[in-house]
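For what it's worth, my numbering labels the leading residue of the sequence shown as 284, then goes sequentially.
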Amino acid sequence: MFMKLKLALLGLVGLVFVSRVSVAQTPPPAAAVVPEVTIKCATLAPEGTTMTNSLKTMSKELATRTGGKVVFKMYYGGTAGDEKDVVRKMRIGQLNCGALTGVGLGMIEPEFRVLELPFLFKNYSAADHVMKEMRPYFETKIREKGFELLGWAEVGFVNIFSNKPITKKADLTGVKFWMWEGDVLAQTMFEKLGIVPIPLALTDVLTSLQTGLIDGCYAPPLGAIAFQWHTKTKYVTDVPLVDATGGIIVSKATWDSLKPEYQTILKEVITAESQKLITNSRSDNVKSLEVLKGMGLTVNQLTPEALAELQAISKDVGTTLVSKALFSQAILDKVTQLAASAP
Numbered sequence: 284m285f286m287k288l289k290l291a292l293l294g295l296v297g298l299v300f301v302s303r304v305s306v307a308q309t310p311p312p313a314a315a316v317v318p319e320v321t322i323k324c325a326t327l328a329p330e331g332t333t334m335t336n337s338l339k340t341m342s343k344e345l346a347t348r349t350g351g352k353v354v355f356k357m358y359y360g361g362t363a364g365d366e367k368d369v370v371r372k373m374r375i376g377q378l379n380c381g382a383l384t385g386v387g388l389g390m391i392e393p394e395f396r397v398l399e400l401p402f403l404f405k406n407y408s409a410a411d412h413v414m415k416e417m418r419p420y421f422e423t424k425i426r427e428k429g430f431e432l433l434g435w436a437e438v439g440f441v442n443i444f445s446n447k448p449i450t451k452k453a454d455l456t457g458v459k460f461w462m463w464e465g466d467v468l469a470q471t472m473f474e475k476l477g478i479v480p481i482p483l484a485l486t487d488v489l490t491s492l493q494t495g496l497i498d499g500c501y502a503p504p505l506g507a508i509a510f511q512w513h514t515k516t517k518y519v520t521d522v523p524l525v526d527a528t529g530g531i532i533v534s535k536a537t538w539d540s541l542k543p544e545y546q547t548i549l550k551e552v553i554t555a556e557s558q559k560l561i562t563n564s565r566s567d568n569v570k571s572l573e574v575l576k577g578m579g580l581t582v583n584q585l586t587p588e589a590l591a592e593l594q595a596i597s598k599d600v601g602t603t604l605v606s607k608a609l610f611s612q613a614i615l616d617k618v619t620q621l622a623a624s625a626p
């Protein structure tokens, strides 16, 4: 009996000793890093798309390189509103950052829209050439408006989506086309074509297709799938109307509040990833057109005569927009000359 009690006591002492050693050797849990800066960033792109996947990569890289001191808080899929809402919220400090299309950039600096003139670029090489040459100019222009341009983005060449086949100009008649609300460039192009469009926020397009308010819209193939517009249209006219551009910007107030080392990291991260985004978007647009075919949409081409007619009409768009003071004649001439001289 005495021996059993002795063994039990020895076991208890050993257990206490081991427990104390274990506690002593187990490091305390690391304290969570408290961010110094949270950058609230919004985009119309739905979650799971090429754009949002790229933004998530940027977010992870930024957090890693700053040790969690600077982080993104993302608002995807238009949850922060249409681009006019995003720009307004950035101006009043409710948002810090936006991954915008050319329409949104044009709300800040109208001259950006010269890059989205119809048939300006014959291919992506021409677009790259112009963007490279014009980037310093546009960075300065947008800085003067209170924002920093940290990276270019690209939506891709825009096609026509409709519920009837379009292969010539006359086929456009009778289509109830959507126009992005407030888009002066699109409005001017529709006027030249003799079309009265229906202006709507981008976030209202799918519902309007479902109800029959509109039966025609325009987007790159990747964008049409991302926003589900392809589910309510039957035909795609594969014509490179516009190479829709975009950019990732932060408000100057946000930029100026960052430590210099954080500014450097933020710009490096976004610049590097945005170039990958452009490459991926181009590849995904090609794949998306094939996906649309597989889903049963009919892909048509314009006749050569129709293409030439649209190109001739589009030449007047730039001149008209100069008269509307969207951009200057000097900038129009420079950009068109750069595009024409591209390799």
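Beta carbons: idealized from backbone N, C-alpha and C, even for Gly. These numbers come from a predicted model, not from an experiment.
Among all the DSSP beta bridges, which residues are the ones paired with residue i?
i: Trp463; result: Leu483
i: Glu431; result: Val533
i: Ala502; result: Asn442
i: Phe355; result: Ile322
i: Val519; result: Phe444, Val582
i: Thr528; result: Glu437
Nearest by alpha-carbon distance to residue i: which of the options is it?
i: Gly429; options: Arg374, Gly457, Tyr407; result: Arg374
i: Val408; options: Thr516, Ile561, Val320; result: Note on residue identity: the sequence assigns Ser, not Val, to residue 408. Out of Thr516, Ile561, Val320, Ile561 has the C-alpha closest to the C-alpha of Ser408.
i: Ser571; options: Leu505, Pro626, Leu615, Leu580; result: Leu505
i: Ile614; options: Val519, Glu399, Thr384; result: Glu399
i: Val569; options: Lys517, Ile508, Thr602; result: Ile508
i: Lys576; options: Pro626, Asp368, Thr516, Gln594; result: Thr516
i: Thr514; options: Glu319, Ala328, Cys500; result: Cys500
i: Leu345; options: Ile548, Leu383, Asn406; result: Ile548
i: Gln377; options: Gln511, Ile322, Ser606, Thr450; result: Ile322
i: Ala436; options: Lys617, Arg426, Thr384, Ile391; result: Thr384
i: Leu492; options: Ala502, Gly579, Trp512; result: Trp512
i: Leu609; options: Asp616, Arg396, Pro626; result: Arg396
Which residue marks the beginning of the alpha helix (DSSP H) containing residue i, and which one marks its end?
i: Met578; result: Here Met578 belongs to no alpha helix (DSSP H), and DSSP marks it neither H nor E.
i: Ala591; result: 587-606
i: Thr335; result: 333-348
i: Ala622; result: 612-624
i: Glu366; result: 366-374
i: Leu492; result: 488-494
Within 10 Å of its beta-carbon, does residue i have 16 or more other beta-carbons around it, so buried, or fewer, so exposed?
i: Asn379; result: buried
i: Tyr420; result: exposed
i: Ser611; result: exposed
i: Thr554; result: exposed
i: Asp539; result: exposed
i: Met630; result: Only positions 284 to 626 of the chain appear in the structure, and residue 630 is not among them; the question remains open.
i: Lys607; result: exposed
Between residue i and residue j, what straight-line distance do the alpha-carbon atoms span, to the nearest angstrom?
i: Lys542; j: Pro401; result: 41 Å
i: Thr362; j: Val441; result: 24 Å
i: Lys452; j: Leu593; result: 7 Å
i: Thr347; j: Val317; result: 13 Å
i: Phe404; j: Gly389; result: 19 Å
i: Ala313; j: Arg418; result: Low confidence applies to Ala313: its pLDDT is 46, below 50, so where it sits in the model is not reliable, and the reading given next is rough at best. If I take the Cα positions, the gap works out to 43 Å.
i: Trp461; j: Ala469; result: 10 Å
i: Ser597; j: Thr603; result: 10 Å
Ends of the beta strand (DSSP E) at residue i?
i: Ala382; result: 380-384
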